[in-house]
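In what follows, a structure is listed as structure tokens, so that the remarks can point back to it.
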Amino acid sequence: MRKILIIAWREYRAMVGTRAFLISMAVMPLLMLGVVCIPAMLQGLQVPAVRTIAVIDQTGGLLPLLQLAADRRNQQLSAARDGQSAASHDGLTAMLGLQDQSLYEFRAHPASDFGDDDRLLLSQQIRAGKLHAFVEIPINASLTWVSEDPGMSDVRRWCEQTIDSVQRQQRLADCVPAGLLPVVTVALSQSTELQSQGLSFLDDTGQIQREPVQSSLSSIAVPIGIAGMMFVAVLLSVQPMLESVLEEKLLRISEVLLGSASATQLMTGKLAGNAAGAMTIFGLYGAGAICVAWLQGFAESVPWALLPWLLFLQLLAVLLFSSVFMSVAACVNQMREAQCLLMPVWLVLMLPLLICMHVIREPNGHLATAASFFPPATPLLMAVRMSTGVMIPVWQSLLSLAIMLAGTAVGIVVASRLYRAGILRQGRTPGFADLLHLVLRGECGG
Numbered sequence: 375m376r377k378i379l380i381i382a383w384r385e386y387r388a389m390v391g392t393r394a395f396l397i398s399m400a401v402m403p404l405l406m407l408g409v410v411c412i413p414a415m416l417q418g419l420q421v422p423a424v425r426t427i428a429v430i431d432q433t434g435g436l437l438p439l440l441q442l443a444a445d446r447r448n449q450q451l452s453a454a455r456d457g458q459s460a461a462s463h464d465g466l467t468a469m470l471g472l473q474d475q476s477l478y479e480f481r482a483h484p485a486s487d488f489g490d491d492d493r494l495l496l497s498q499q500i501r502a503g504k505l506h507a508f509v510e511i512p513i514n515a516s517l518t519w520v521s522e523d524p525g526m527s528d529v530r531r532w533c534e535q536t537i538d539s540v541q542r543q544q545r546l547a548d549c550v551p552a553g554l555l556p557v558v559t560v561a562l563s564q565s566t567e568l569q570s571q572g573l574s575f576l577d578d579t580g581q582i583q584r585e586p587v588q589s590s591l592s593s594i595a596v597p598i599g600i601a602g603m604m605f606v607a608v609l610l611s612v613q614p615m616l617e618s619v620l621e622e623k624l625l626r627i628s629e630v631l632l633g634s635a636s637a638t639q640l641m642t643g644k645l646a647g648n649a650a651g652a653m654t655i656f657g658l659y660g661a662g663a664i665c666v667a668w669l670q671g672f673a674e675s676v677p678w679a680l681l682p683w684l685l686f687l688q689l690l691a692v693l694l695f696s697s698v699f700m701s702v703a704a705c706v707n708q709m710r711e712a713q714c715l716l717m718p719v720w721l722v723l724m725l726p727l728l729i730c731m732h733v734i735r736e737p738n739g740h741l742a743t744a745a746s747f748f749p750p751a752t753p754l755l756m757a758v759r760m761s762t763g764v765m766i767p768v769w770q771s772l773l774s775l776a777i778m779l780a781g782t783a784v785g786i787v788v789a790s791r792l793y794r795a796g797i798l799r800q801g802r803t804p805g806f807a808d809l810l811h812l813v814l815r816g817e818c819g820g
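Reminder that position 395 of the sequence shown reads as 769 in the working numbering, one-by-one numbering, no gaps.
What follows is the structure, given as structure tokens:
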């Protein structure tokens with residue numbers, strides 16, 4: 375036991391007591407924050423472009439209304455850039471770089487005798503960059519949009535929504551007397567608000583109470599934040615384990631270490647030290663996230679009751695993947711050989727992130743439930759499901775925990791066989807069939 379603790383302490387210090395570790399701890403949140411901030415910064419550095427759209431208005435009355443709506447939109451964007459309307463939804467979206475900040479300008483084009491020659495002329499102007507697009511507005515037909523933009527461009531979507539709204543108003547004006555039009559317009563524009571309420575339950579006194587409702591922002595931000603922290607903790611722990619074991623094998627340090635401790639003691643100590651380092655990473659990130667939530671007034675959104683679950687799931691995930699990376703490093707002779715063997719492992723490690731948003735939308739759906747019983751994905755997906763605020767059946771939580779415990783135990787046993795058989799092995803790189811022989815028999819097949 376003493377030897378295991380000494381090895382674990384040495385691995386822990388080698389992992390967290392370096393400048394590279396501190397830099398990685400600082401850079402990773404900055405990279406994640408940059409995903410949100412960089413688009414807004416780039417938008418702020420750019421001068422808003424003016425997109426000129428030619429309008430062939432055969433109705434004779436839509437172009438002035440369309441230009442009026444464009445002027446109102448341009449003013450709102452300018453105010454958002456100046457910080458005057460950041461509290462509004464559109465202003466906040468624009469400041470985050472999620473909205474097209476180009477200014478729209480509409481230009482009338484003669485609608486009489488409009489034909490293919492005019493379309494060719496306008497298309498040539500679009501190719502030359504003098505025009506962004508042109509739109510044909512017939513009297514009783516669908517609109518026609520021509521541009522080099524993709525089908526889901528912001529300007530096309532805005533024009534379609536604006537023209538549709540204006541045409542609805544005109545149809546309403548044709549059907550309703552002028553004296554009643556303002557009243558009818560106000561009545562139709564009123565929306566019905568749907569308020570969310572929690573489930574009802576009986577408290578200790580027998581009174582019917584309602585569970586608190588989690589805000590839509592926290593129901594998305596909390597699971598994504600937890601998934602990100604858990605993934606980063608695994609990512610920052612498995613790579614040092616791979617490099618450490620491979621370095622000891624290449625420099626023959628492992629031969630010296632095996633003279634003082636058994637392979638089981640060496641592997642156990644390394645796993646313990648690596649797991650301690652990963653939990654340190656998770657704890658630091660978690661403490662930072664809690665502090666930010668408390669300072670921003672979102673302390674009630676922190677899932678305090680889930681902290682023991684999160685810590686235990688994180689520990690199991692680190693032990694499972696660290697043992698896999700350790701066993702692969704013990705069986706190869708070069709880093710590039712390890713990367714080839716680890717490609718399937720990386721794909722499995724990334725799997726929970728690929729379906730994370732689907733799990734957040736439907737925590738009790740068939741995909742979320744089935745995937746949470748797959749041991750490599752269980753820690754992250756169960757943490758995401760629990761943090762959404764949706765009631766997860768107790769049997770699913772307990773079953774997933776039992777499956778994860780069994781999967782981690784099997785993974786460590788398999789990794790220990792590969793580690794013992796491969797740490798002193800030299801020669802050609804083993805294939806998957808060779809690894810299977812090492813697991814089953816402790817020796818490489820012929």
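All residues carry an ideal CB built from backbone N, CA and C; glycine is no exception.
Looking at C-alpha atoms only, which residue of the options is the closest neighbour of residue i?
| i | options | result |
| --- | --- | --- |
| L477 | M641, R446, N648, S565 | R446 |
| F395 | G651, F605, A667, L755 | G651 |
| G489 | A482, Q499, R530, E510 | E510 |
| A423 | A607, Q498, A703, V529 | V529 |
| W769 | R376, Q639, L685, M756 | M756 |
| Q544 | G391, L439, Y659, L404 | L439 |
| Y386 | L437, S497, A649, V550 | A649 |
Cα separation between residue i and residue j?
| i | j | result |
| --- | --- | --- |
| Q670 | A663 | 11 Å |
| M653 | Q583 | 38 Å |
| H463 | L693 | With a pLDDT of 44 at H463, under the threshold of 50, the modelled position of this residue cannot be trusted; read the value that follows with caution. Going from the Cα of H463 to the Cα of L693 covers about 44 Å. |
| G657 | L680 | 14 Å |
| D492 | P597 | 54 Å |
| D487 | I430 | 11 Å |
| D523 | L772 | 51 Å |
| L721 | C714 | 12 Å |
| F575 | E585 | 7 Å |
| Q449 | Q475 | 11 Å |
| G580 | S592 | 30 Å |
| L494 | S761 | 56 Å |
| L723 | Q613 | 13 Å |
Once the 5 residues before and after residue i are set aside, which same chain residues still bring their CB inside 6 Å of it?
| i | result |
| --- | --- |
| Q441 | F480 |
| L725 | A751 |
Is residue i near residue j, with beta carbons less than 8 Å apart?
| i | j | result |
| --- | --- | --- |
| F605 | L505 | no |
| P767 | L687 | no |
| A507 | W519 | yes |
| S675 | A789 | no |
| F747 | I777 | yes |
| I378 | A673 | no |
| I600 | V764 | no |
Tell me which same chain residues have a C-beta within less than 7 Å of the C-beta of residue i, skipping the five on either side of it?
| i | result |
| --- | --- |
| Q458 | Its pLDDT being 46, under 50, Q458 is placed unreliably by the model, and the measurement read from it follows with that caveat. Cβ within range, chain order: n/a, list empty. |
| I594 | I734 |
| A704 | V619, K623, L792, Y793, G796, I797 |
| T426 | E479, R481, L505, H506 |
| Q432 | A485, I511, P512, I513 |
| V813 | V788, R791, L792 |
| A712 | L616, L620, V702, A703, V706 |
| G660 | M603 |
What residues in its chain sit with their C-beta under 8 Å from that of residue i, if we drop five residues either side in the sequence?
| i | result |
| --- | --- |
| A780 | P749 |
| L546 | L555, V558, T559, L562 |
| I500 | H506, A507, F508, V520, S521, E522 |
Taking 7 Å as the cut-off, is the beta-carbon of residue i closer than that to any non-hydrogen atom of the ligand NAP?
| i | result |
| --- | --- |
| I500 | Among the components of this structure there are no ligands whatsoever, and the ligand NAP is therefore not found. |
Completely contained beta strand (DSSP E) runs for the region 497-540, where each covers 3 or more residues:
With a minimum length of 3 residues, the continuous beta strand (DSSP E) runs that stay inside the region 497-540 are 507-511, 518-521.
Can you list, in chain order, the stretches of the alpha helix (DSSP H) that have 4 or more residues and sit fully within the region 672-718?
Restricted to the region 672-718, the alpha helix (DSSP H) segments that are unbroken, complete and at least 4 residues in length are 681-705, listed in chain order.
Complete runs of the beta strand (DSSP E) confined to the region 565-632 [at least 3 residues]:
Whole beta strand (DSSP E) segments, 3+ residues: 574-576, 582-584.
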